[in-house]
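Asks: Encoded as structure tokens, here's the structure I'll be asking about.
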Amino acid sequence: MQRMTTKSPNKQGFEPDLVEEVTRHCLLTRTRSISRVVTGIYDRALRSYDVNSSQFSMLVLIARMNGGSRAELGRAGHLERSTSTRNLQLLLDQGWVEEFAPSHGRSRPIVLSDAGRELLVTAMPAWRAAQQTAKRMLGKEGASALSSIANELPAD
1 MQRMTTKSPN KQGFEPDLVE EVTRHCLLTR TRSISRVVTG IYDRALRSYD
51 VNSSQFSMLV LIARMNGGSR AELGRAGHLE RSTSTRNLQL LLDQGWVEEF
101 APSHGRSRPI VLSDAGRELL VTAMPAWRAA QQTAKRMLGK EGASALSSIA
151 NELPAD
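If you count by UniProt numbering, then the sequence shown holds residues 1 to 156, one letter each, in order.
Encoded structure:
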């Protein structure tokens with residue numbers, strides 16, 4: 001019986017160049033890492049308000065759209081349907097948003113409740129502090145680049 005050996009200490013069979021290329025240059029890996037770190041900054045800042053960064057962002061989106069449907073909110077927020085549904089359900093359960101029966105057609109408008117508006121107002125100082133922390137971490141050019149890229153994203 002012949003025993004197989006490898007010449008490389010990499011026992012998983014990957015080419016070291018492939019791993020190095022992805023490690024150094026993968027935009028997906030890098031943006032996901034940045035996203036996790038930035039999300040953590042906002043989550044920590046908003047924790048005392050019993051809202052996380054995803055929920056806060058969705059509340060702001062709902063306020064901006066003022067009566068958008070579930071589908072419209074998902075598209076505007078670049079969210080997959082399951083993620084949008086899950087996040088929206090949490091907001092409904094907390095009483096921060098309301099979903100109304102359609103007056104015509106099938107669309108069910110979603111709007112902030114009084115509690116949702118109050119949450120946004122009271123949590124703004126924490127959001128602003130997180131915003132400043134994130135800007136310092138990213139630097140002026142990094143923060144500006146992220147904003148520019150986000151502003152140019154195509155609508156789904």
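For glycine and all other residues, C-beta sits at the position ideal for the given N, C-alpha and C.
Return the chain-ordered list of same chain residues with a C-beta closer than 8 Å to the C-beta of S69, the five sequence neighbours on each side being excluded.
Replies: S107, R108, P109 and I110
Asks: Return the chain-ordered list of same chain residues with a C-beta closer than 7 Å to the C-beta of E99, the five sequence neighbours on each side being excluded.
Replies: L92, R108 and I110
Asks: In three-state terms, what does DSSP make of G95?
Replies: coil
Asks: Since Y49 and L119 should fall inside the 8 Å C-beta cutoff, what is the C-beta to C-beta distance between them, to a whole number of angstroms?
Replies: 6 Å
Asks: My guess is that V97 and S84 are in contact by the Cβ rule of under 8 Å, so how many angstroms apart are they, rounded?
Replies: Wrong, their Cβ atoms sit about 13 Å apart, outside the cutoff.
Asks: Which first and last residues belong to the alpha helix (DSSP H) in which V60 is found?
Replies: Run containing V60: S53 to M65, per the alpha helix (DSSP H) assignment.
Asks: In the DSSP assignment, find the unbroken beta strand (DSSP E) run with L112 in it and report its ends.
Replies: I110 to L112
Asks: Return yes when the Cβ of T31 is within less than 8 Å of the Cβ of V22, no when it is not.
Replies: no
Asks: Applying the criterion that 16 or more other CB atoms from any shown protein chain within 10 Å of the CB defines a buried residue, is L59 buried or exposed?
Replies: Sixteen is the threshold: when 16 or more other Cβ atoms of the shown chains lie within 10 Å of the Cβ of L59, as they do, the residue is buried.
Asks: Go through its chain and collect everything with a Cβ distance to I79's Cβ below 7 Å, but skip five positions before and after it.
Replies: Here residue 79 turns out to be Leu, not Ile, going by the sequence shown. Answer for L79: no residue qualifies.
Asks: What span of residues does the alpha helix (DSSP H) with G68 cover, start to end?
Replies: Note, G68: premise wrong, no alpha helix (DSSP H); not H, not E.
Asks: Could you check the C-alpha separation between A115 and L73 for me, to the nearest Å?
Replies: 20 Å
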